[in-house]
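**Q** Residue numbers (this note's numbering): 204 to 532. All residues carry an ideal CB built from backbone N, CA and C; glycine is no exception. First, the structure itself, so that you have it in front of you.
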């Protein structure tokens with residue numbers, strides 16, 4: 204029933220001019236939970252909200268019977284209608300915001316290749332042609348063949364960060380290329396991070412086994428390195444030095460793919476890049492000492508709370524210049 208019909212029926216109800224069928228319709232409406240089909244998330248939220256309103260109204264009817272049964276029923280109808288309208292206005296605004304962001308995800312098919320890029324503030328999940336699953340972080344670019352041919356499964360992470368859950372196929376190695384290294388797996392889950400402004404490429408293995416090949420070998424350094432679960436290789440692109448680490452806190456590596464913001468001895472560059480990508484902001488730094496490391500995890504905190512916590516911990520100050528600009532010093 205649309206809003207105009209609801210309003211017309213309410214007016215008749217208030218004027219005591221409804222037919223018996225219309226009175227029954229309103230009464231049945233008040234005595235049952237809303238079952239109308241909406242999108243799966245909206246439906247659950249609406250049913251919960253309207254059920255709560257109904258319970259409150261029923262309590263009022265029991266306590267205040269002297270006010271008049273029909274008057275309370277009219278008030279109940281108005282409350283429910285107001286809630287419905289408010290709910291749709293709220294979710295409509297949220298959905299419009301989300302749709303506007305989704306439009307910023309750029310997906311194109313060119314010459315047999317699929318190219319995907321994400322903006323700040325938005326991640327993207329998708330499956331590759333072989334069934335492998337990818338979560339692409341914000342401000343990232345990736346490309347891969349529309350079909351994996353021959354005996355290879357190449358994926359190119361041109362910028363940013365991605366988490367890969369690889370479909371097992373021993374005959375077709377799965378390889379992720381960045382500008383500095385390649386990571387090959389048969390069937391495993393691993394994270395690759397390669398933001399240009401950080402001057403670091405990191406590969407962290409969650410489970411399985413991978414081989415990391417340095418594409419820019421200098422001197423007598425080994426070209427290939429193998430990782431075991433909970434091991435990470437960090438390549439410093441400016442010096443071409445390689446660091447191997449063991450991590451216990453998996454959330455610090457892959458938490459971003461589940462909505463967490465987790466840091467484990469993270470550099471200033473990593474902290475800044477992560478916050479910029481999560482909240483679609485730009486952080487300008489005038490820090491004289493930018494060698495500190497930060498450890499901490501955030502789940503539901505907003506931008507203001509996160510900035511306050513990090514800056515207080517590290518003894519620095521920040522200022523919100525605008526909605527999308529922050530100054531730290």
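Is the beta carbon of residue 405 less than 7 Å from the beta carbon of residue 381?
**A** no
**Q** Could you give the first and the last residue of the continuous alpha helix (DSSP H) run that contains residue 480?
**A** 471-482
**Q** Rounded to whole angstroms, what's the CA-CA distance from residue 377 to residue 489? Just pull it up for me.
**A** Answer to the nearest angstrom: the Cα atoms are 42 Å apart.
**Q** At what residues does the alpha helix (DSSP H) containing residue 365 begin and finish?
**A** Not the alpha helix (DSSP H): residue 365 falls in the beta strand (DSSP E), residues 356-368.
**Q** Take the Cβ of residue 349 as the centre, count every other Cβ of all protein chains shown within 10 Å, and call the residue buried at 16 or more, exposed below.
**A** exposed
**Q** At which residues does the beta strand (DSSP E) containing residue 311 begin and terminate?
**A** First-last of the beta strand (DSSP E) with residue 311: 309-313.
**Q** Are residue 434 and residue 408 touching if we call contact CB-CB under 7 Å?
**A** yes
**Q** Thinking C-alpha only, which one of 513, 375, 342, 450 is nearest residue 325?
**A** 342
**Q** Tell me which same chain residues have a C-beta within less than 8 Å of the C-beta of residue 463, skipping the five on either side of it?
**A** 454, 500, 501, 502
**Q** With a CB to CB cut of under 6 Å and the five nearest residues on each side skipped, what residues in its chain are close to residue 328?
**A** Excluding five sequence positions before and after residue 328, the CB atoms of its chain that fall closer than 6 Å to its own CB belong to 338, given in chain order.
**Q** Under the three-state reduction of DSSP, which class applies to residue 399: helix, strand or coil?
**A** helix
**Q** By how many angstroms is the C-alpha of residue 389 removed from the C-alpha of residue 437?
**A** 21 Å
**Q** List the endpoints of the continuous alpha helix (DSSP H) containing residue 455.
**A** 454-457
**Q** Bridge partners of residue 428, per DSSP?
**A** 415
**Q** Hey, quick one: how far does the alpha helix (DSSP H) through residue 507 stretch, first residue to last?
**A** 506-517
**Q** Taking the Cβ atom as the reference point for each residue, do residue 356 and residue 330 lie within a distance shorter than 7 Å?
**A** No, Cβ-Cβ distance for residue 356 and residue 330 is not below 7 Å.
**Q** Which residues mark the beginning and the end of the beta strand (DSSP E) in which residue 388 is found?
**A** 384-388
**Q** Might you give, ordered along the chain, the residues of its own chain that have their beta carbon closer than 6 Å to the beta carbon of residue 524, omitting 5 neighbours on each side?
**A** 530
**Q** Express the C-alpha separation of residue 494 and residue 483 in angstroms, rounding to a whole number.
**A** Spanning the two alpha carbons is a distance of roughly 24 Å.
**Q** Assign residue 530 to one of three DSSP states: helix, strand, or coil.
**A** strand
**Q** State yes or no: is the C-beta of residue 346 within less than 7 Å of the C-beta of residue 373?
**A** no
**Q** Under a Cβ-count criterion, where at least 16 other Cβ atoms within 10 Å of its own Cβ denotes burial, should residue 363 be classed as buried or exposed?
**A** Classification for residue 363: buried.
**Q** Quick one: does the C-beta of residue 455 sit closer than 6 Å to a heavy atom of the ligand SAM?
**A** This structure simply doesn't include the ligand SAM, nor any ligand for that matter.
**Q** Counting C-beta neighbours from all protein chains within 10 Å, is the total for residue 316 16 or more, i.e. buried, or is it exposed?
**A** Residue environment for residue 316: exposed (fewer than 16 other C-beta atoms within 10 angstroms of its C-beta).
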